[in-house]
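K.L.:
The structure that follows is given in the form of structure tokens.
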Amino acid sequence: MSKNKEIARIFEKMADILEFLGDNPYRIATYRRVANILSELNVDVEELVKSGKIYNIPGIGQSSVEKILEYLKKGKISKYEELKAKVPEDLLELMDVPNIGPKTLRLAYEKLGIRSKDDFLRAVRSGMLATLPGFGEKKLQNIMRGIELWEKSKERMTLIEAFEIGQEYLDYMKHLENLIEKIELAGSLRRRKETVGDIDILVSAPRQNWVKIHEHFVSFNGVKDVLLKGETKSSVVLENARQVDLRTVEPHQWGAALQYFTGSKEHNIRVRDIAKAKGLKLSEYGVFKADTDQWIGGSSEEEVYALLGMQTPPPEIRENAGEIELALEGKLPKLVSFQDIKGDFHIHTNWSDGIGTLEEMIETAYRMGYEYVVVGDHSLSSRVAKGLDVERYRQQWKEIDRLQKEYSSKGFYILKGCEVDILPDGSLDLPDSVLAEFDFVVASIHTRFSQDNTYRILKAIENPYVNLIGHPTGKSYGSRQGYPLDMEKIIKLARDTGTALELNTFRADLSPEHVRMCMAEGVYIAIVTDAHAPAHLKYMHLGVGLARRGWALPELVLNTKDIKGVKEFVLKKRKLLAVV
DNA sequence: GCCGTTTTCGGCCCGACTGTTTTCAGTCG
Numbered sequence: 001m002s003k004n005k006e007i008a009r010i011f012e013k014m015a016d017i018l019e020f021l022g023d024n025p026y027r028i029a030t031y032r033r034v035a036n037i038l039s040e041l042n043v044d045v046e047e048l049v050k051s052g053k054i055y056n057i058p059g060i061g062q063s064s065v066e067k068i069l070e071y072l073k074k075g076k077i078s079k080y081e082e083l084k085a086k087v088p089e090d091l092l093e094l095m096d097v098p099n100i101g102p103k104t105l106r107l108a109y110e111k112l113g114i115r116s117k118d119d120f121l122r123a124v125r126s127g128m129l130a131t132l133p134g135f136g137e138k139k140l141q142n143i144m145r146g147i148e149l150w151e152k153s154k155e156r157m158t159l160i161e162a163f164e165i166g167q168e169y170l171d172y173m174k175h176l177e178n179l180i181e182k183i184e185l186a187g188s189l190r191r192r193k194e195t196v197g198d199i200d201i202l203v204s205a206p207r208q209n210w211v212k213i214h215e216h217f218v219s220f221n222g223v224k225d226v227l228l229k230g231e232t233k234s235s236v237v238l239e240n241a242r243q244v245d246l247r248t249v250e251p252h253q254w255g256a257a258l259q260y261f262t263g264s265k266e267h268n269i270r271v272r273d274i275a276k277a278k279g280l281k282l283s284e285y286g287v288f289k290a291d292t293d294q295w296i297g298g299s300s301e302e303e304v305y306a307l308l309g310m311q312t313p314p315p316e317i318r319e320n321a322g323e324i325e326l327a328l329e330g331k332l333p334k335l336v337s338f339q340d341i342k343g344d345f346h347i348h349t350n351w352s353d354g355i356g357t358l359e360e361m362i363e364t365a366y367r368m369g370y371e372y373v374v375v376g377d378h379s380l381s382s383r384v385a386k387g388l389d390v391e392r393y394r395q396q397w398k399e400i401d402r403l404q405k406e407y408s409s410k411g412f413y414i415l416k417g418c419e420v421d422i423l424p425d426g427s428l429d430l431p432d433s434v435l436a437e438f439d440f441v442v443a444s445i446h447t448r449f450s451q452d453n454t455y456r457i458l459k460a461i462e463n464p465y466v467n468l469i470g471h472p473t474g475k476s477y478g479s480r481q482g483y484p485l486d487m488e489k490i491i492k493l494a495r496d497t498g499t500a501l502e503l504n505t506f507r508a509d510l511s512p513e514h515v516r517m518c519m520a521e522g523v524y525i526a527i528v529t530d531a532h533a534p535a536h537l538k539y540m541h542l543g544v545g546l547a548r549r550g551w552a553l554p555e556l557v558l559n560t561k562d563i564k565g566v567k568e569f570v571l572k573k574r575k576l577l578a579v580v
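Under the UniProt record's numbering, the first residue of the first sequence carries the number 1, and numbering increases by one thereafter.
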């Protein structure tokens with residue numbers, strides 16, 4: 001865990017304790033804000049301390065800086081140690097449980113002598129909690145349901161899973177076409193966060209339709225539990241323990257509502273600050289004059305931001321990580337978009353561990369509207385993945401040559417590629433003489449995930465035939481953390497050799513921070529689906545979203561090159577390392 | 001705890017739903 005995340009976690013915990021103790025809510029909000037800023041920061045906090053820039057970060061004041069310095073010096077924060085002594089830490093884990101908040105825990109602590117998580121769970125089940133004032137049967141039921149939910153869905157969804165569920169729900173809601181004006185997925189899913197907590201759906205419709213819309217929403221086939229149902233807001237839990245929320249607004253409120261429910265929270269707080277400074281008020285219902293409450297706009301997001309004198313930041317970068325300042329100055333960069341994408345660099349067929357045939361995968365890539373695709377089956381040492389030996393690759397090339405004849409007339413190109421294993425000593429699973437025969441080479445690590453693998457990747461980058469490092473960090477979504485890595489070294493060598501780094505849609509690897517580092521250093525990234533079935537190719541737009549979260553520029557995304565540009569990219573490295 | 005284009009003190013985003021409450025507190029996003 002990076003120092004940023006470690007310190008962020010401590011600030012988060014301090015906020016929890018302060019909340020439990022009933023401290024000033026604004027101080028608590030500040031601690032949480034500091035935690036959030038630290039974890040979203042794309043610079044190492046130690047760097048900021050060295051350069052003195054830590055003192056210039058809005059939202060991190062003197063007192064927080066002191067705590068950060070203390071942590072960097074002594075490895076702990078005395079204020080945190082002090083607070084920890086005042087409350088059983090394990091009890092506060094329950095703050096994450098839906099329907100349990102600080103007041104409930106505090107009451108149980110004081111009136112029932114509850115000292116731990118298990119104490120609390122026992123008190124719920126034994127009915128002891130029900131003896132507290134204000135705790136009726138329904139409240140108890142909600143708490144029990146919250147605990148059940150919490151235990152089941154501790155893990156957030158991957159972006160792809162959330163998108164699938166959201167899409168299915170959207171299709172279902174569209175049965176009400178005649179009642180609904182607009183409908184869209186909002187929240188962290190719209191921001192294309194790599195993991196999503198729950199799914200937010202926003203609908204605009206005339207008020208008289210709202211009751212019917214919410215009725216329809218909670219009647220979805222996969223619904224296990226209706227958490228709440230109102231005229232503007234409903235919330236359900238699906239059989240798979242995933243939560244979906246619906247909000248309805250009137251058509252003229254659409255933009256303000258979409259802006260609000262897209263978030264992030266940090267972004268919105270800043271935007272509302274800006275509104276206030278202009279004598280305006282921003283809510284999910286529109287932009288208003290602060291003094292008269294007169295509605296002055298909000299039917300589209302563009303209108304909302306324009307009224308605040310800003311460009312509209314793309315949803316993916318609304319994290320209060322610099323986008324607001326640039327939007328105010330009218331200087332937002334143009335990010336890569338799905339329309340820019342001309343090909344996919346990493347797909348598998350049933351020659352190795354894919355389930356689609358070569359023909360199916362290629363046809364699907366062609367139907368995506370691409371100009372080219374790289375077929376990249378595993379090399380031999382990936383035995384579980386049915387890796388190919390040299391002879392099998394040669395057989396596959398014959399097939400590709402045959403198919404290329406068909407597709408040439410359509411202006412579509414199939415590149416002979418491979419995903420060659422980077423072996424434990426950093427050498428590759430195929431000899432250079434064979435690698436030289438491929439059109440495009442992806443090199444990836446598939447073994448020894450717990451050791452520092454920097455040396456293996458550096459060695460692979462030095463190979464003149466390696467064009468792309470596959471899933472460089474070994475991370476998979478939020479779940480598998482990835483091996484320790486000196487990303488700065490890797491990025492510098494990638495820059496100096498003309499090697500690209502892969503943003504893998506299925507694993508959400510690289511992170512947005514890494515993408516920003518690549519952009520700053522002028523290193524190409526390639527957005528790939530790592531498709532193992534024809535249906536996977538369509539997730540490219542989610543990969544593009546992940547790249548946009550890292551402020552990816554089209555000129556440094558390899559997929560924006562046409563076939564000629566890709567061939568030049570490959571040739572350039574071979575020339576640079578003097579092998580042609 | 002943070003911050004300053006009416007401020008170095010006095011504010012801090014704002015609204016929905018539920019439950020037990022007869023006017024509001026707790027929780028959530």
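The beta-carbon is built from N, C-alpha and C at its ideal position, and this holds for glycine as well.
1. Decide yes or no for the touch test of the segment 375-390 against the segment 417-432: beta carbon pairs closer than 8 Å, at least 3 of them.
2. So, are the CB atoms of Cys518 and Ile525 less than 8 Å apart?
3. Is it buried or exposed, Gln396, if we count other Cβ atoms within 10 angstroms and call 16 or more buried?
4. Of all the options Ser409, Lys13, Met128 and Ala205, which has the alpha carbon lying nearest to the alpha carbon of Ile77?
5. Exposed or buried, which one is Lys334 when buried takes at least 16 other CB atoms within 10 Å?
6. By Cβ distance below 8 Å, which residues in the same chain neighbour Gly146 in space, the five residues on each side in sequence not counted?
7. Among Ile54, Lys572 and Asp198, whose alpha-carbon lies nearest the alpha-carbon of Val4?
8. With a threshold of 6 Å on Cβ separation, who are the neighbours of Val236 within its own chain once the five nearest residues in sequence on each side are excluded?
9. Would you list the one or two residues that DSSP bridges to Trp210?
10. Can you look up Phe135 in the DSSP assignment and give me helix, strand or coil?
11. Measuring CB to CB, does Thr466 end up less than 8 Å from Thr499?
12. Please confirm if the segment 240-258 is in contact with the segment 201-220, defined as three or more CB-CB distances below 8 Å between the two stretches.
13. Please name the residue in Asn221, Val45, Gly52 and Phe412 whose C-alpha comes closest to that of Tyr370.
14. Taking the alpha-carbon positions, what's the Gly356 to Asp486 distance?
15. Taking the alpha-carbon positions, what's the Thr262 to Pro315 distance?
16. List the whole-angstrom C-beta distance separating Arg516 from Lys475, where the pair is believed to meet the contact cut-off of C-beta under 8 Å.
17. Once you ignore the five residues that flank Tyr407 on each side, which residues in its own chain have a CB closer than 8 Å to its CB?
18. Once DSSP output is grouped into helix, strand and coil, what is the label at Gln404?
19. Using 8 Å for Cβ pairs, my map puts Arg192 next to Arg549. What's the rounded Cβ distance?
20. Please tell me whether Arg392 and Asn320 are closer than 8 Å, where the distance is taken between their beta carbons.
21. Find out if the Cβ-Cβ distance for the pair Gly470, Val442 is shorter than 8 Å.
22. Between Gly565 and the rest of its own chain, which residues show a CB-CB distance below 6 Å, the 5 nearest in sequence each way excluded?
23. Any heavy atom of the ligand HEM closer than 7 Å to the beta-carbon of Glu6?
24. Count the other CB atoms within 10 Å of the CB of Gly230; is the residue buried (16 or more) or exposed (fewer)?
25. Determine the extent of the alpha helix (DSSP H) in which Gln259 is found, giving its start and end residues.
26. Using 8 Å as the Cβ pair cut-off and three pairs as the minimum, do the segment 326-341 and the segment 39-48 touch?
27. Between the Cα of Thr447 and those of Phe438, Asp439, Ile457 and Phe440, spot the shortest distance and give me the residue it belongs to.
28. Within a Cβ cutoff of 6 Å, which residues of the same chain sit near Asn36, ignoring the five residues on either side of it in sequence?
29. What are the residues that DSSP puts in a beta bridge with Trp295?
30. Between which two residues does the alpha helix (DSSP H) containing Glu419 stretch?
31. Considering only the beta carbon of each residue, do Ser337 and Val523 sit closer than 8 Å?
32. Just how far apart, CA to CA, sit Phe120 and Lys103?
33. Looking at the strands, I want to know which residues DSSP matches up with Lys281.
34. Can you round the beta-carbon distance between Glu181 and Pro251 to whole angstroms, since I take them to be within the 8 Å contact cut?
35. Exposed or buried, Thr131, counting other C-beta atoms within 10 Å across all chains shown (16 or more means buried)?
36. Using CA atoms only, rank isn't needed, just tell me which of Ile68, Trp551 and Tyr80 is closest to Leu332.
P.N.:
By the coordinates alone:
1. With a cut-off of 8 Å, the segment 417-432 and the segment 375-390 count as touching, because enough Cβ pairs lie within range.
2. Their beta carbons are under 8 Å apart, which means Cys518 touches Ile525 by this criterion.
3. With 16 or more Cβ atoms within 10 Å of its Cβ, Gln396 is classed as buried.
4. Among Ser409, Lys13, Met128 and Ala205, the Cα nearest to that of Ile77 belongs to Lys13.
5. Counting of Cβ neighbours within 10 angstroms places Lys334 among the exposed residues, the total staying below 16.
6. Excluding sequence neighbours, Gly146 sits near Val97, Pro98, Asn99 and Ile100.
7. The sequence shown places Asn at residue 4, not Val. The residue among Ile54, Lys572 and Asp198 with its C-alpha nearest the C-alpha of Asn4 is Ile54.
8. Excluding residues within five positions, the ones whose Cβ falls inside 6 Å are Val218, Val223, Val226 and Val244.
9. BP columns for Trp210 are empty, so no partner.
10. If DSSP states are grouped into helix, strand and coil, Phe135 belongs with coil.
11. For the sequence presented, residue 466 should be read as Val rather than Thr. Yes, Cβ-Cβ distance for Val466 and Thr499 is below 8 Å.
12. Output reads yes: the segment 201-220 touches the segment 240-258.
13. Among Asn221, Val45, Gly52 and Phe412, the Cα nearest to that of Tyr370 belongs to Phe412.
14. Going by the C-alpha atoms only, they are around 36 Å apart.
15. Distance between the alpha carbons of Thr262 and Pro315 is about 7 Å.
16. Between Arg516 and Lys475 a beta carbon distance of about 16 Å is seen, past the 8 Å cut, so the two are scored as non-contacting.
17. Within the same chain, Tyr407 has close Cβ partners Ile362, Tyr366, Tyr413 and Ile414.
18. For Gln404, the three-state secondary structure derived from DSSP is helix.
19. Contact holds; Cβ gap of about 6 Å.
20. Arg392 is not a Cβ neighbour of Asn320, given a cutoff of 8 Å.
21. In this structure, Val442 lies closer than 8 Å to Gly470 by Cβ.
22. For Gly565, where only same-chain residues beyond five positions count, there are no Cβ hits under 6 Å.
23. In the structure on display, the ligand HEM does not appear, and there are no ligands present to speak of.
24. That one is exposed.
25. Unbroken alpha helix (DSSP H) run through Gln259: Trp254 to Thr262.
26. Counting Cβ pairs under 8 Å, fewer than three are found: no touch.
27. When each option's Cα is compared against that of Thr447, the closest is Ile457.
28. Once the five neighbours on either side are set aside, the close Cβ partners of Asn36 are Glu266.
29. The partner list for Trp295 (beta bridge, DSSP) reads Phe288.
30. That residue, Glu419, is in no alpha helix (DSSP H); its beta strand (DSSP E) goes Tyr413 to Asp421.
31. Cβ distance not < 8 Å, so Ser337 and Val523 don't count as in contact.
32. Taking the CA atoms as reference points, Phe120 sits about 13 Å from Lys103.
33. DSSP output for Lys281 lists Phe288 as bridge partner(s).
34. Contact between Glu181 and Pro251 holds: their C-beta atoms lie close to 5 Å from each other, under 8 Å.
35. The residue in question, Thr131, is exposed, as its Cβ has fewer than 16 Cβ neighbours within 10 Å.
36. Selected option, being the one with the closest Cα: Trp551.
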